[in-house]
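Using full-length UniProt numbering, the letters of the sequence shown map in sequence onto residues 1 to 267.
So the structure is just underneath, and the comments pick up after that.
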Amino acid sequence: MAPAPRPQRWLLRKPKGDAPTRLFCFPYSGVGASMYNRWPKHIGPAEVCLIQLPGRENRLRDPHYVTYEQLAGPLAEALLPYLDRPFGFFGHCGGALPGFATALHLLRAGLPTPSALFVSSQVAPHDGPFGRFLGMTDGELAVELGELTRAMGGTPHPGLIDMSLGVLRADVDANRAYHLAEPVRLPSVLHTIGWDADREIRPDQMGGWEKYAEPGRFRSTVLQGEHYAFLGAPDHLVDVLAAGMRRAHEEHERQEGGVTGGPGTDA
(Lines of atoms letter the chains of each structure in order from A and count residues from 1; the text may use other names and numbers.)
(Lines give C-alpha, C1' and ligand atoms only; values in the text may rest on other atoms or scores of the structure.)
Protein backbone atom coordinates (compact mmCIF):
# COMPACT_ATOMS: atom_id res chain seq x y z
CA MET A 1 0.00 0.00 0.00
CA ALA A 2 1.35 3.43 -0.91
CA PRO A 3 2.16 5.71 2.03
CA ALA A 4 -0.43 8.33 2.93
CA PRO A 5 0.36 11.85 1.73
CA ARG A 6 2.16 14.07 4.20
CA PRO A 7 -0.21 15.82 6.67
CA GLN A 8 0.45 19.22 5.12
CA ARG A 9 -0.87 18.02 1.75
CA TRP A 10 -4.25 17.43 3.38
CA LEU A 11 -4.41 21.02 4.65
CA LEU A 12 -4.20 24.23 2.67
CA ARG A 13 -2.08 25.78 5.40
CA LYS A 14 -0.36 24.22 8.39
CA PRO A 15 -2.20 24.84 11.67
CA LYS A 16 -0.50 27.00 14.25
CA GLY A 17 -0.15 26.13 17.90
CA ASP A 18 -1.65 29.20 19.53
CA ALA A 19 -5.42 28.72 19.03
CA PRO A 20 -7.25 26.82 21.81
CA THR A 21 -9.46 24.99 19.28
CA ARG A 22 -9.44 24.10 15.58
CA LEU A 23 -12.26 24.00 13.03
CA PHE A 24 -11.53 21.72 10.08
CA CYS A 25 -13.56 22.65 7.00
CA PHE A 26 -14.32 20.17 4.22
CA PRO A 27 -14.69 21.40 0.62
CA TYR A 28 -17.86 21.26 -1.45
CA SER A 29 -18.23 18.71 -4.25
CA GLY A 30 -16.09 19.39 -7.32
CA VAL A 31 -13.85 22.05 -5.79
CA GLY A 32 -10.97 22.38 -3.36
CA ALA A 33 -10.07 24.17 -0.16
CA SER A 34 -9.71 27.55 -1.87
CA MET A 35 -13.52 27.76 -1.91
CA TYR A 36 -13.13 29.11 1.63
CA ASN A 37 -11.04 32.08 0.45
CA ARG A 38 -13.56 34.54 1.93
CA TRP A 39 -13.62 32.91 5.33
CA PRO A 40 -11.63 34.37 8.24
CA LYS A 41 -8.59 32.52 9.57
CA HIS A 42 -10.15 32.39 13.03
CA ILE A 43 -13.76 31.95 14.13
CA GLY A 44 -14.24 32.56 17.83
CA PRO A 45 -11.57 30.56 19.67
CA ALA A 46 -10.98 28.29 16.66
CA GLU A 47 -8.33 28.41 13.99
CA VAL A 48 -9.94 27.67 10.63
CA CYS A 49 -8.11 24.73 9.01
CA LEU A 50 -8.97 24.05 5.37
CA ILE A 51 -8.93 20.42 4.28
CA GLN A 52 -7.62 19.71 0.78
CA LEU A 53 -8.97 16.50 -0.72
CA PRO A 54 -7.10 14.57 -3.45
CA GLY A 55 -7.75 15.16 -7.14
CA ARG A 56 -8.09 18.96 -7.05
CA GLU A 57 -6.04 22.18 -6.97
CA ASN A 58 -2.55 21.47 -5.58
CA ARG A 59 -3.43 17.76 -5.35
CA LEU A 60 -4.66 17.48 -8.92
CA ARG A 61 -2.46 14.46 -9.66
CA ASP A 62 -3.47 12.53 -6.55
CA PRO A 63 -6.07 9.84 -7.30
CA HIS A 64 -9.62 10.36 -6.13
CA TYR A 65 -10.57 8.60 -2.90
CA VAL A 66 -13.57 6.83 -4.57
CA THR A 67 -15.59 6.28 -1.38
CA TYR A 68 -15.90 8.16 1.89
CA GLU A 69 -14.80 5.05 3.78
CA GLN A 70 -11.57 4.94 1.73
CA LEU A 71 -11.05 8.65 2.37
CA ALA A 72 -11.64 8.60 6.12
CA GLY A 73 -8.69 6.44 7.17
CA PRO A 74 -5.85 8.31 5.42
CA LEU A 75 -7.41 11.68 6.27
CA ALA A 76 -7.77 10.79 9.94
CA GLU A 77 -4.14 9.65 10.00
CA ALA A 78 -3.00 12.92 8.45
CA LEU A 79 -5.05 15.04 10.86
CA LEU A 80 -4.05 13.15 13.99
CA PRO A 81 -1.06 15.41 14.87
CA TYR A 82 -3.49 18.35 14.99
CA LEU A 83 -6.18 16.70 17.12
CA ASP A 84 -4.38 17.57 20.35
CA ARG A 85 -7.05 20.07 21.45
CA PRO A 86 -10.83 20.47 21.05
CA PHE A 87 -11.72 20.52 17.37
CA GLY A 88 -14.73 20.67 15.12
CA PHE A 89 -15.66 19.60 11.59
CA PHE A 90 -17.71 21.74 9.20
CA GLY A 91 -19.07 20.58 5.87
CA HIS A 92 -21.72 21.95 3.54
CA CYS A 93 -23.76 19.64 1.31
CA GLY A 94 -21.19 17.46 -0.50
CA GLY A 95 -18.62 18.32 2.18
CA ALA A 96 -20.78 17.26 5.12
CA LEU A 97 -20.80 13.50 4.51
CA PRO A 98 -17.01 13.03 4.24
CA GLY A 99 -16.77 15.05 7.45
CA PHE A 100 -19.19 12.71 9.17
CA ALA A 101 -17.47 9.61 7.74
CA THR A 102 -14.13 10.84 9.09
CA ALA A 103 -15.64 11.51 12.51
CA LEU A 104 -17.13 8.00 12.50
CA HIS A 105 -13.75 6.50 11.56
CA LEU A 106 -12.08 8.37 14.43
CA LEU A 107 -14.71 7.03 16.85
CA ARG A 108 -14.35 3.43 15.70
CA ALA A 109 -10.55 3.65 15.79
CA GLY A 110 -10.57 4.92 19.38
CA LEU A 111 -9.03 8.25 18.33
CA PRO A 112 -10.06 11.78 19.36
CA THR A 113 -13.44 12.73 17.93
CA PRO A 114 -14.76 16.20 17.06
CA SER A 115 -16.12 18.16 19.98
CA ALA A 116 -18.51 19.73 17.48
CA LEU A 117 -19.79 18.47 14.13
CA PHE A 118 -21.45 21.15 11.99
CA VAL A 119 -23.57 19.76 9.15
CA SER A 120 -24.87 22.30 6.64
CA SER A 121 -27.44 21.51 3.95
CA GLN A 122 -27.24 17.71 3.92
CA VAL A 123 -29.56 14.84 4.84
CA ALA A 124 -28.55 12.22 7.39
CA PRO A 125 -26.61 9.19 6.07
CA HIS A 126 -29.52 6.77 6.57
CA ASP A 127 -31.83 9.14 4.62
CA GLY A 128 -29.57 9.31 1.59
CA PRO A 129 -28.35 9.38 -1.00
CA PHE A 130 -30.35 12.47 -1.89
CA GLY A 131 -29.95 15.49 -4.15
CA ARG A 132 -30.39 16.83 -7.68
CA PHE A 133 -26.75 16.26 -8.60
CA LEU A 134 -27.14 12.48 -8.32
CA GLY A 135 -29.24 12.30 -11.48
CA MET A 136 -27.48 14.93 -13.58
CA THR A 137 -25.70 14.42 -16.89
CA ASP A 138 -22.17 15.73 -17.37
CA GLY A 139 -23.60 18.70 -19.25
CA GLU A 140 -25.91 19.57 -16.37
CA LEU A 141 -23.08 19.19 -13.86
CA ALA A 142 -20.95 21.54 -15.96
CA VAL A 143 -23.69 24.18 -15.68
CA GLU A 144 -23.71 23.73 -11.90
CA LEU A 145 -19.92 24.13 -11.81
CA GLY A 146 -20.31 27.42 -13.63
CA GLU A 147 -22.82 28.61 -11.05
CA LEU A 148 -20.54 27.52 -8.22
CA THR A 149 -17.57 29.30 -9.79
CA ARG A 150 -19.57 32.52 -9.96
CA ALA A 151 -20.75 32.05 -6.37
CA MET A 152 -17.09 31.76 -5.34
CA GLY A 153 -16.41 35.11 -7.01
CA GLY A 154 -14.76 33.73 -10.15
CA THR A 155 -15.53 33.63 -13.86
CA PRO A 156 -16.26 30.22 -15.42
CA HIS A 157 -13.62 29.16 -17.96
CA PRO A 158 -14.49 26.22 -20.26
CA GLY A 159 -11.10 24.57 -19.79
CA LEU A 160 -11.28 24.76 -16.01
CA ILE A 161 -14.88 23.57 -16.00
CA ASP A 162 -13.86 20.53 -18.07
CA MET A 163 -10.97 19.86 -15.69
CA SER A 164 -13.23 20.06 -12.63
CA LEU A 165 -16.02 18.00 -14.14
CA GLY A 166 -14.26 14.68 -13.56
CA VAL A 167 -13.71 15.53 -9.89
CA LEU A 168 -17.33 16.58 -9.46
CA ARG A 169 -18.55 13.39 -11.09
CA ALA A 170 -16.33 11.30 -8.79
CA ASP A 171 -17.53 13.27 -5.75
CA VAL A 172 -21.16 12.73 -6.77
CA ASP A 173 -20.50 9.01 -7.22
CA ALA A 174 -19.01 8.85 -3.71
CA ASN A 175 -22.11 10.57 -2.37
CA ARG A 176 -24.35 8.12 -4.21
CA ALA A 177 -22.48 5.15 -2.74
CA TYR A 178 -22.72 6.34 0.88
CA HIS A 179 -25.60 5.07 2.97
CA LEU A 180 -25.90 3.79 6.52
CA ALA A 181 -28.65 1.31 7.29
CA GLU A 182 -28.95 2.59 10.86
CA PRO A 183 -27.86 5.81 12.60
CA VAL A 184 -24.69 5.74 14.70
CA ARG A 185 -24.44 8.09 17.67
CA LEU A 186 -21.35 10.25 17.97
CA PRO A 187 -20.12 11.85 21.21
CA SER A 188 -19.86 15.19 19.38
CA VAL A 189 -22.29 18.05 19.78
CA LEU A 190 -24.01 17.73 16.40
CA HIS A 191 -25.30 21.00 14.97
CA THR A 192 -27.31 21.07 11.75
CA ILE A 193 -27.47 24.29 9.74
CA GLY A 194 -30.24 24.76 7.22
CA TRP A 195 -30.87 27.68 4.85
CA ASP A 196 -34.35 29.12 4.38
CA ALA A 197 -33.93 29.75 0.62
CA ASP A 198 -31.98 26.56 -0.17
CA ARG A 199 -33.41 24.80 -3.24
CA GLU A 200 -31.13 21.77 -2.84
CA ILE A 201 -31.82 20.60 0.72
CA ARG A 202 -34.71 22.02 2.73
CA PRO A 203 -34.11 22.48 6.47
CA ASP A 204 -37.01 20.13 7.25
CA GLN A 205 -35.20 17.33 5.40
CA MET A 206 -32.31 17.36 7.88
CA GLY A 207 -34.13 16.11 10.98
CA GLY A 208 -32.65 12.62 10.72
CA TRP A 209 -29.34 13.91 12.06
CA GLU A 210 -30.77 14.08 15.58
CA LYS A 211 -30.45 10.29 15.73
CA TYR A 212 -26.65 10.64 15.41
CA ALA A 213 -26.25 12.69 18.59
CA GLU A 214 -26.33 11.66 22.22
CA PRO A 215 -29.31 13.00 24.21
CA GLY A 216 -28.92 16.72 24.84
CA ARG A 217 -26.13 17.10 22.27
CA PHE A 218 -28.13 17.97 19.17
CA ARG A 219 -28.78 21.48 17.90
CA SER A 220 -30.50 22.79 14.80
CA THR A 221 -30.40 26.25 13.28
CA VAL A 222 -32.04 27.71 10.17
CA LEU A 223 -30.26 30.73 8.67
CA GLN A 224 -31.31 33.20 6.02
CA GLY A 225 -29.75 32.54 2.64
CA GLU A 226 -29.61 30.32 -0.41
CA HIS A 227 -27.49 27.23 -1.02
CA TYR A 228 -24.21 29.03 -1.67
CA ALA A 229 -24.64 31.74 0.98
CA PHE A 230 -22.12 30.00 3.26
CA LEU A 231 -19.27 30.81 0.85
CA GLY A 232 -19.21 34.44 1.95
CA ALA A 233 -18.92 33.55 5.65
CA PRO A 234 -22.03 35.57 6.57
CA ASP A 235 -22.09 36.92 10.10
CA HIS A 236 -25.01 34.73 11.21
CA LEU A 237 -23.12 31.59 10.17
CA VAL A 238 -19.88 32.74 11.78
CA ASP A 239 -21.80 33.46 15.00
CA VAL A 240 -23.19 29.90 15.08
CA LEU A 241 -19.76 28.36 14.48
CA ALA A 242 -18.05 30.66 16.99
CA ALA A 243 -20.63 29.85 19.68
CA GLY A 244 -20.27 26.13 19.05
CA MET A 245 -16.48 26.19 19.22
CA ARG A 246 -16.61 28.38 22.31
CA ARG A 247 -18.84 25.81 24.02
CA ALA A 248 -16.43 23.06 22.97
CA HIS A 249 -13.54 24.97 24.54
CA GLU A 250 -15.49 25.64 27.73
CA GLU A 251 -16.56 22.01 28.03
CA HIS A 252 -12.95 20.91 27.61
CA GLU A 253 -11.84 23.37 30.29
CA ARG A 254 -14.48 22.03 32.70
CA GLN A 255 -13.39 18.46 32.05
CA GLU A 256 -9.74 19.35 32.52
CA GLY A 257 -10.65 21.02 35.80
CA GLY A 258 -12.62 18.01 36.98
CA VAL A 259 -15.98 19.77 36.74
CA THR A 260 -18.76 17.90 35.00
CA GLY A 261 -21.48 19.57 33.02
CA GLY A 262 -23.30 19.64 29.73
CA PRO A 263 -22.23 21.41 26.58
CA GLY A 264 -24.09 24.58 27.51
CA THR A 265 -26.90 26.37 25.76
CA ASP A 266 -27.14 28.10 22.44
CA ALA A 267 -25.85 31.64 22.30
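Note that the Cβ used here is the ideal one computed from N, Cα and C, for glycine as well.
{"Check": "Cβ-Cβ distance between L190 and F218 below 7 angstroms", "Outcome": "yes"}
{"Check": "W209 versus S220: straight-line alpha-carbon distance, rounded", "Outcome": "9 angstroms"}
{"Check": "DSSP three-state assignment for G32, whether helix, strand or coil", "Outcome": "coil"}
{"Check": "Cα-Cα separation, H252 to L160", "Outcome": "44 angstroms"}
{"Check": "Residues that DSSP places opposite S120 in a beta bridge", "Outcome": "H92, I193"}
{"Check": "Rounded Cβ spacing between H117 and G128 (contact assumed at less than 8 angstroms)", "Outcome": "The residue asked about is misnamed: residue 117 is Leu in this sequence, not His. Not confirmed; about 16 angstroms, so no contact."}
{"Check": "Straight-line Cα distance separating L223 from H236", "Outcome": "7 angstroms"}
{"Check": "Identity of the residue in N58, Y228, P234 nearest M152 by Cα", "Outcome": "Y228"}
{"Check": "Integer Cβ distance of E226 from D198, believed to fall under 8 angstroms", "Outcome": "6 angstroms"}
{"Check": "Contact under 7 angstroms by Cβ, F130 with V123", "Outcome": "yes"}
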